[in-house]
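There are 2 protein chains.
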Amino acid sequence: METRIDRIKKQLHAASYKLTPQREATVRVLLDHEEDHLSAEDVYLLVKDIAPEIGLATVYRTLELLTELKIVDKINFGDGVSRYDLRQEGAAHFHHHLVCLECGAVDEIQEDLLEDVEGVVEKRWNFQIKDHRLTFHGICWRCHDRSSQDPSQ
Amino acid sequence: METRIDRIKKQLHAASYKLTPQREATVRVLLDHEEDHLSAEDVYLLVKDIAPEIGLATVYRTLELLTELKIVDKINFGDGVSRYDLRQEGAAHFHHHLVCLECGAVDEIQEDLLEDVEGVVEKRWNFQIKDHRLTFHGICWRCHDRSSQDPSQ
DNA sequence: TCTTACTTTAGAATCATTATCAATTAAAAA
DNA sequence: TTTTTAATTGATAATGATTCTAAAGTAAGA
C-alpha cells in the first residue's frame, strides 16, 4: 500500500526536491495533527520531539516549500502568526474555516459550497479563479450550547 | 448635509472616544483611498502629508480603534502586513476580494453573494455567523486580456 | 575520489506591531 | 477661571515572527 508520505515524496521528487529526514519529520507532524491549525512555532516544537536536532529555520523553509507545492496551505486568522493546514488529497480548492469569537476554536468545512458563487464571480467579474479563502467568524455550537444552558449568560 | 466624517465622529462619541485631529486626519486618508488596501505604514506616510507631526504608534492605535468600532476591517492577504479597508456604510458584512496572482491587483466585490452559503453553514454546523472573510485568488480580467492579446504568452 | 548542488544549523538581522512613559490636550468639577 | 482628572499622543524601546547569512554537512553523479 502506498502511504500518504510516499505520495508526498513523489511530489517533492517531481519538483526535484528531496525528502530529507527533517522534511519527513515535519510532514509527519502535519499528518498527525491534521485537525489542528499549527503555527510554525507549534510545528517546530512538535518536530523536535521526533527529530531534536532540527532548527526553526528548517521548519520555516519546509513549510514554505510544502506551501509552494500546494501540499499545505498557509492561512492567517489575524492573530499575528501564519498557520499551516494540510490540503485534502486531490482537493481542488482549500477548505473553509469557522472561527469562534468566544472560545477561539477553529473548525473545518470540507464541503466546497462555493460552486455557484464562483460561477457568478468568474462570469460577472471575468476573473479566473484558482483558489479561495473563506472564513466565517461567529459563535460555535459548543459556546452556543454552553450559554443556553447557563442562565447567567 | 451630514458628511461621512460627521457620522464617524458620532460613532466615536457613542463609544466615548474623541475625534482628535490625528484621528480625523487618519480617517480622511482612508476615505480618500477607499479603493486601496493600505497597510499601517502606507496610511502613516499619507497622513504625514496632512498632519506631519503624527506618530506611527498613533496611526496603529487609530486603526485598531476603527477596527474595533467596525468602521474599518483589518485584512491580511498573506504578504506579512495587515491592511485596512473601510466598510461600506451600513454594510452588515465585510466585502470580498479578488487577488490577482499575476499582477497583484486587489479588486473588491461589494455584493454579498454568500446569503445561501451562510444559511447552510448556520443550519448544518449550528454556527452563528457574525462576519466573514472571502478572498479569491486567480487571474484578473486585465491580465487575462493582456495574455490573450499577446501571442508570446 | 572529486565535484557540484542541495540542505541544514545557529544565530544574526529585519520588519511589523505593541508596550512604555513622560508630556500634552481636552473635558469635568469646583 | 482654576483645579482635577482622564484620555491621547509621540518618541522610542521592546517584542515576536519571519527571513537571511555563512559555514558545515550530505548526497549523487562524473
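Heads up: the protein sequence lines correspond to chains A and B, in order. Residues in the first sequence are numbered from 2 upward in steps of one, following the working numbering. Residues in the second sequence are numbered from 2 upward in steps of one, following the working numbering. We put the beta carbon where it would ideally sit given N, CA and C, even for glycine.
Check each residue of the region 115 to 140 of chain B: if its Cβ is closer than 8 Å to any Cβ of chain A, include it; give the result in chain order. Leu115, Asp117, Val118, Glu119, Val121, Val122, Trp126, Asn127, Phe128, Gln129, Ile130, Lys131, Asp132, His133, Arg134, Leu135, Thr136, Phe137, His138, Gly139 and Ile140
Short of 8 Å in beta carbon distance, which residues of its chain neighbour A/Phe78, apart from the five on each side in sequence? Order them along the chain. His38, Arg84, His98, Val100, Val107 and Thr136
Could you tell me the distance, in whole angstroms, from the CA atom of B/Lys19 to the CA atom of B/Ile9? 10 Å
Which residues DSSP lists as bridging B/Phe137, in chain order: A/His133 and B/Leu99
Taking the beta carbon of A/Gly139 as the centre, do at least 16 other beta carbons fall within 10 Å, making it buried, or is it exposed? buried
The beta strand (DSSP E) with B/Ile110 in it runs from where to where? Val107 to Ile110
Which stretch, first to last residue, makes up the alpha helix (DSSP H) that contains B/Tyr45? Ala41 to Ile51
Using a Cβ cut-off of 8 Å, pull out every chain B residue sitting near A/His38, in sequence order please. Near A/His38 there are no residues of chain B at all, since even the closest Cβ is about 15 Å away, more than 8 Å.
By Cβ distance below 7 Å, which residues in the same chain neighbour A/Gln154 in space, the five residues on each side in sequence not counted? With a pLDDT of only 43 at A/Gln154, under the threshold of 50, the placement of this residue in the model should not be trusted, and no figure is reported.
When you compare the CB of A/Gly79 with every CB in chain B, is at least one pair closer than 8 Å? yes
In the DSSP output, what is A/Arg84 paired with across the bridge? A/Ser40 and A/Ile76
Under 8 Å from the C-beta of B/Lys75: neighbouring residues of chain A: Gly79
Among the residues of its own chain, which have a CB less than 8 Å from the CB of A/Ala52, if the five just before and after it don't count? Pro22, Gln23 and Ala26
Same chain only: Cβ atoms within 7 Å of B/Ala16, ignoring 5 sequence neighbours per side: Leu70
CA-to-CA distance, A/Leu87 to A/Phe95, given in whole angstroms: 9 Å
Under 9 Å by beta carbon: chain B residues contacting A/His14: Those within 9 Å of A/His14 in chain B number zero; the least Cβ separation is about 25 Å.
Of the listed residues B/Tyr61, B/Glu54, B/Asp50 and B/Gly56, nearest to B/Ser40 (C-alpha basis): B/Tyr61
Could you name the residues of the region 94 to 106 of chain A whose beta carbon sits closer than 7 Å to any beta carbon of chain B, in the order they occur along the chain? Leu99 and Leu102
B/Phe128 beta carbon less than 8 Å from that of B/Val121: no
So, at 6 Å on beta carbons, what are the nonlocal neighbours of A/Glu103 in its own chain, with the 5 sequence-adjacent residues on each side left out? Ile140 and Cys144
Any beta-carbon of chain B closer than 8 Å to the one on A/His145? yes
For A/Thr63, which residues in the same chain have their Cβ closer than 6 Å to its Cβ, ignoring the five residues on either side in sequence? Arg24 and Thr27
Using CA coordinates, which residue listed in A/Asp7, A/Gly105 and A/Ala92 is at the minimum distance from A/Gln111? A/Ala92
With C-beta atoms as the reference, is B/Ile130 less than 8 Å away from B/Glu116? no
Measuring alpha carbon to alpha carbon, tell me which residue in A/Leu31, A/Leu114 and A/Asp74 is nearest A/Leu47. A/Leu31
Taking CB distances under 8 Å as the criterion, tell me whether B/Ile72 reaches chain A. no
Neighbour list for B/Ile110 in chain A, Cβ cutoff strictly below 8 Å: Val122 and Trp126
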